[in-house]
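From first to last, the protein sequence lines are chains A and B. Counting with the numbering used here, you get residues -16 to 456 for the letters of the first sequence. Counting with the numbering used here, you get residues -16 to 456 for the letters of the second sequence. In what follows, a single structure is set out as structure tokens and then discussed.
There are 2 protein chains.
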Amino acid sequence: MVSKGVKAVIAQVLDRVSPKVEERAKILGLARRCQRKVRKSLNEMGMQARVRIEGSVAKDTWLSGEADVDIFMCFDVSVPKRRFRPICLKVARKVFKDVGWIERFAEHPYVEAWINGTRINIVPCYKSKRGEWLSATDRTPFHTRYIKRRLSEDVKKEIRLLKRFMKGVGVYGAEIKVGGFSGYLSELLILHFGSFLNTLRNAHRLGKDIIDLEGYYEGRYEEAKRFFMAPVIVVDPIDKYRNVAAALSIQRVSEFIAASKAFLSEPSLTFFYPLEVTPYPLDVLLTELKSREAGILVVKAGRVVAVPDVLWGQLYRSMRAIAVQLKQFEFKVLRSTAWSDEESAIALIFELESTSLPSIKKHLGPPVESKEARSFLEKHLGAPTTYSGPWIEEGRWVVETRRRYTNAVTLLRDLLSDGGETIGVAGLISQAFKKSLRIMVNEEVADFYSTNINFAKFFTEFVVGKPPWLQAA
Amino acid sequence: MVSKGVKAVIAQVLDRVSPKVEERAKILGLARRCQRKVRKSLNEMGMQARVRIEGSVAKDTWLSGEADVDIFMCFDVSVPKRRFRPICLKVARKVFKDVGWIERFAEHPYVEAWINGTRINIVPCYKSKRGEWLSATDRTPFHTRYIKRRLSEDVKKEIRLLKRFMKGVGVYGAEIKVGGFSGYLSELLILHFGSFLNTLRNAHRLGKDIIDLEGYYEGRYEEAKRFFMAPVIVVDPIDKYRNVAAALSIQRVSEFIAASKAFLSEPSLTFFYPLEVTPYPLDVLLTELKSREAGILVVKAGRVVAVPDVLWGQLYRSMRAIAVQLKQFEFKVLRSTAWSDEESAIALIFELESTSLPSIKKHLGPPVESKEARSFLEKHLGAPTTYSGPWIEEGRWVVETRRRYTNAVTLLRDLLSDGGETIGVAGLISQAFKKSLRIMVNEEVADFYSTNINFAKFFTEFVVGKPPWLQAA
């Protein structure tokens, strides 16, 4: 049974996500022009390569207004991988000479350009044989072919609905910043579950079952679970040793499950098209922070030059390392998050129950009959940091002693003054801290908040704290 | 090897604890006079009974200046137990008509009087056959006989040393207030270990081995451990089913172990004769409390009329119940203790890391896929107590919400306004709370501190927090 509400919402979304004839012609024209130009410039360089349109444009599963054009250059396996980067750059210089472009490099080089608001990626790969992959992008042509063969116009609709839903609830994108569902993964889910609604209805099974369209692991699911070791396992139909959902975090899975549940019970367009966040006016923000006696710490630094996957990987790693330290010194970390506009600044944000702790703490010592008892007593008996004791409790010496750090800002300043690499802050983040560290507490964030609208939006979302689709539910 | 220091201290202690001829004559004279008077008054009542001097005076193991005279009336088993109390009272009225006396009643009635600074107890029991005990005190004559047969002048010295040491370090006395070593237990320890120093040297083995002088459980120690289920097991030589150390708490055992260790490494008279505690002058106390940003709560009430074992049992039980509540509401309880002068007042004392908590707290909700998710969201979404969220964390809904109690005093006032019986405060304590509850924080204790010297001493000891013998170590 599909409710009227669900039907109505779906109809509206379908209308918005399906490209009209005009737009389709425009994007395909753009893609083919790029393809020809790439082919031509490779020819001029005397390079043999098959040049193809890949990805959602090739599969016709892209969303209206959000097309990404992927042009793949498939080289013979005799071309050494170190030549990928110079070839890419050379091609880009020719193809995008009028529009400008940027080099991207995560584990694999590629270039990106924007033409009339559409992103074009030029990506090198090998003409690998199936199963004999030589570079990270070699599988893509196989993925495109696998999906295309199984598409009908109806299936495409279901895929577009699911992609838009995933974007709307913030779980779309396999990049490290998001750790969500890739386009290919969403397509496989539709092939598996048959429809958008059926995928939502079965979302809660994602972490439990294995999705294995080609039946590689039939009757051996437990074995496959041990092999892949991931929250969600979707076996790649063109490579039985690859989990398409490997980059998917448990966090995004949970959010997808919760959003699916919420949408099915109270359907709304907001799940697909969330309201734009309006940052709190500064005075509202400050009142809000005051009312909750907030303990929000913002650890900020200037620009970090790195491709997004490296930047976000390092931001998250650094955030976790600092949270561990805060907890070690007994500050209660309610939540933490990382922000960057990928241009001018980075920030790690920690909300604590309180930024200050009582000066007194109980310190557990060794068992009374142990060898260490003596040195413990020598250290604490009559020491200036001892408030009470030592006394005996449950067979151990215990003392009430002065806490080393009663203020989280002082602690962070001490830990990060040298960049914090020793406590686990990642290299680039540590360098940025050394150059331009600022630690702000609560209302001290006002200046930065007022000058960076991107941060202001993010910080407002953080303070509100609930997923945007939840307002509707 | 016994160090010179140890020898010197022991010599001094022996000199002080061994009664001189005069004192011995005085105490024995007093005991025999009482014995005769009791016998006479029983005869006048037409009661058949064997009247004996029991306990440490009978065994000659009492400490100079601290004799307790125990007069036992051993009745024929045909006398109904309900007659014990009226007989006791009648005897007391005659024997102590000039000095006054008080009735004591724990599980067994007896009367107590003071003559020239010496306590006299008159205790009823049955002439039971061994193993066919009819009342709690029937074993005492057997204990007296068992010990007396095994005493030499040297062994008596060792017992006196051990008793004084146990008194000095605060672990002597099987009453509920202390939960320590009884006189009989200390005597058995000397019989087992051979000497005072050997007992101290082997103190750390008390919780591990079983002491079984008559070998009732030879080869079946594991069985005995399961049977007795206590921190320390000392099988009663006259009753294989009784653990003489049953009332001994793990706390006192640990303290005895620690004190033994400390004395052996740094012998001092202080272990036997601790310095009298001088209460802090009020201004010193207040400065001390201020310097530590203390969170000391004193929950006080007026007099509770009960025999000490009942009073202390109820005080400790109530203290634990309140501490559980404080912890439940997330206050960090560093330690708690109970005080009473057994006359005018009772008090439960709790030291908290802080008496106030941040207003914000993280509240864990149900898993996103559970049935309960919906009602959790309905409760917290947009609620006036919600600061941030709900959001999803590790697969569960989580919300930042306002803490119900941010102040420990407010919490206790709410919990105890009706006496607190529902949260586990014991009956008599609860009644006292209903009549005259006062909750004081930190410096608010000043008035009571200034007017009750007994409390002032206790409170000073609590703030100092270390065992008195530790100053010397």
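Here a beta-carbon is modelled for each residue, glycine too, at the ideal position from N, C-alpha and C. No experiment lies behind these values; they were computed from the predicted model shown.
So residue i contacts chain A; which residues on that side make the cut at Cβ distance below 7 Å?
i	result
His187 (chain B)	Glu352
Ser(-14) (chain B)	None at all; the shortest Cβ gap to chain A is about 16 Å.
Using a Cβ cut-off of 9 Å (strictly closer), state whether residue i contacts chain A.
i	result
Lys273 (chain B)	no
Arg318 (chain B)	yes
Ala(-6) (chain B)	no
Glu383 (chain B)	yes
Lys315 (chain B)	yes
Leu394 (chain B)	no
Ser248 (chain B)	yes
Glu334 (chain B)	yes
Name, please, each residue of chain B whose Cβ falls closer than 7 Å to the Cβ of residue i.
i	result
Glu326 (chain A)	Residues of chain B passing the Cβ test: none, with the nearest at roughly 27 Å.
Val446 (chain A)	Ser371
Arg378 (chain A)	Just to set this straight, residue 378 (chain A) is Gly in the shown sequence, not Arg. What Gly378 (chain A) touches in chain B: Ile233, Ser237.
Ser337 (chain A)	Pro341
Ile240 (chain A)	Val351, Glu352
Report all residues from its chain with a CB closer than 8 Å to the CB of residue i; omit the five preceding and five following residues, and keep chain order.
i	result
Arg387 (chain B)	Phe312
Ser(-14) (chain B)	Pro250
Thr44 (chain B)	Ile130, Leu134, Lys139, Ile142, Arg143, Lys146, Gly166, Glu170
With DSSP collapsed to three states, give me the class of residue i.
i	result
Arg66 (chain B)	helix
Phe458 (chain B)	There is simply no residue 458 (chain B) to check, as chain B begins at -16 and stops at 456 in what is shown.
Leu258 (chain B)	coil
Glu383 (chain B)	strand
Tyr224 (chain A)	strand
Arg235 (chain A)	helix
Val215 (chain A)	coil
Ala456 (chain B)	A caution first: Ala456 (chain B) carries a pLDDT of 41, below 50, which makes its placement in the model too unreliable to give a value.
Leu46 (chain A)	coil
Asn104 (chain A)	strand
Ser339 (chain A)	strand
Trp322 (chain A)	strand
Lys431 (chain B)	The sequence given here has Phe at residue 431 (chain B), not Lys. Of the three classes helix, strand and coil, the one that applies to Phe431 (chain B) here is helix, per DSSP.
Gly278 (chain B)	coil
Do we get a CB-CB distance below 9 Å when we pair residue i with the residues of chain B?
i	result
Trp452 (chain A)	no
Arg357 (chain A)	yes
Lys449 (chain A)	yes
Leu360 (chain A)	yes
Can you pull the chain B residues whose beta carbon is under 8 Å from the beta carbon of residue i, in chain order?
i	result
Gln311 (chain A)	None at all; the shortest Cβ gap to chain B is about 17 Å.
Ile375 (chain A)	Gln234, Ser237, Glu238, Ala241, Pro450
Could you name the residues of the same chain whose beta carbon sits closer than 6 Å to that of residue i, not counting the 5 residues immediately before and after it, in chain order?
i	result
Cys108 (chain A)	Phe55, Cys57, Ser118, Thr120, Asp121
Arg286 (chain B)	Ser327
Ser111 (chain A)	Leu117, Asp121
Ile240 (chain A)	Ala186, His187
Tyr155 (chain A)	Met149, Gly163, Phe164
Given residue i, which residues of its chain have a CB within under 7 Å of its CB, disregarding the five upstream and five downstream residues?
i	result
Gly348 (chain B)	Phe359, Pro373, Arg379, Trp380, Val381, Val382
Ala456 (chain A)	Note that Ala456 (chain A) has pLDDT 41, beneath the 50 cutoff, so the model's placement of it is unreliable and the number below is only indicative. Around Ala456 (chain A): Ala245, Glu249.
By the criterion of Cβ-Cβ separation under 8 Å, what are the contact partners of residue i in chain A?
i	result
Leu265 (chain B)	The premise fails here: Leu265 (chain B) is roughly 18 Å from chain A at the closest Cβ pair, so nothing lies under 8 Å.
Glu170 (chain B)	Those within 8 Å of Glu170 (chain B) in chain A number zero; the least Cβ separation is about 24 Å.
Gly278 (chain B)	Pro341, Ile343
Lys244 (chain B)	Val351, Glu352, Ala356
Along chain B, which residues have their Cβ under 9 Å away from the Cβ of residue i?
i	result
Leu364 (chain A)	Lys449, Leu453, Gln454, Ala456
Examine chain C for any beta-carbon lying closer than 9 Å to the beta-carbon of residue i, and answer yes or no.
i	result
Phe164 (chain A)	Reference to chain C is not applicable here, since the protein chains of this structure are A and B.
Count the C-beta pairs between the stretch 60 to 67 of chain B and the stretch 176 to 190 of chain B that are closer than 8 Å, then say yes if the count reaches three, no if not. Under the Cβ criterion (8 Å, minimum of three pairs), the stretch 60 to 67 of chain B does not count as touching the stretch 176 to 190 of chain B.
Under 8 Å, with one C-beta from each stretch per pair, do the stretch 122 to 130 of chain B and the stretch 76 to 92 of chain B reach the 3-pair mark? Judged by Cβ distances under 8 Å, the stretch 122 to 130 of chain B makes no contact with the stretch 76 to 92 of chain B, as fewer than three pairs qualify.
Is the stretch 157 to 165 of chain A touching the stretch 16 to 25 of chain A, taking contact as three or more C-beta pairs under 8 Å? The stretch 157 to 165 of chain A vs the stretch 16 to 25 of chain A: no contact.
Taking 8 Å as the cut-off, does the stretch 298 to 314 of chain B touch the stretch 408 to 428 of chain B (at least 3 CB pairs, one atom from each stretch)? Between the stretch 408 to 428 of chain B and the stretch 298 to 314 of chain B there are three or more C-beta pairs closer than 8 Å, enough to call the two in contact.
Does the stretch 274 to 287 of chain B touch the stretch 414 to 424 of chain B, meaning 3 or more C-beta pairs lie closer than 8 Å? Yes, the stretch 414 to 424 of chain B is in contact with the stretch 274 to 287 of chain B.
Within the chosen definition, does the stretch 69 to 81 of chain A reach the stretch 23 to 37 of chain A through at least 3 CB pairs nearer than 8 Å? A contact exists between the stretch 69 to 81 of chain A and the stretch 23 to 37 of chain A.
Using 8 Å as the Cβ pair cut-off and three pairs as the minimum, do the stretch 329 to 345 of chain B and the stretch 313 to 321 of chain B touch? The stretch 329 to 345 of chain B vs the stretch 313 to 321 of chain B: in contact.
Sufficient close CB pairs (3 or more, under 8 Å) joining the stretch 338 to 353 of chain A to the stretch 386 to 400 of chain A: Enough Cβ pairs lie closer than 8 Å, so yes.
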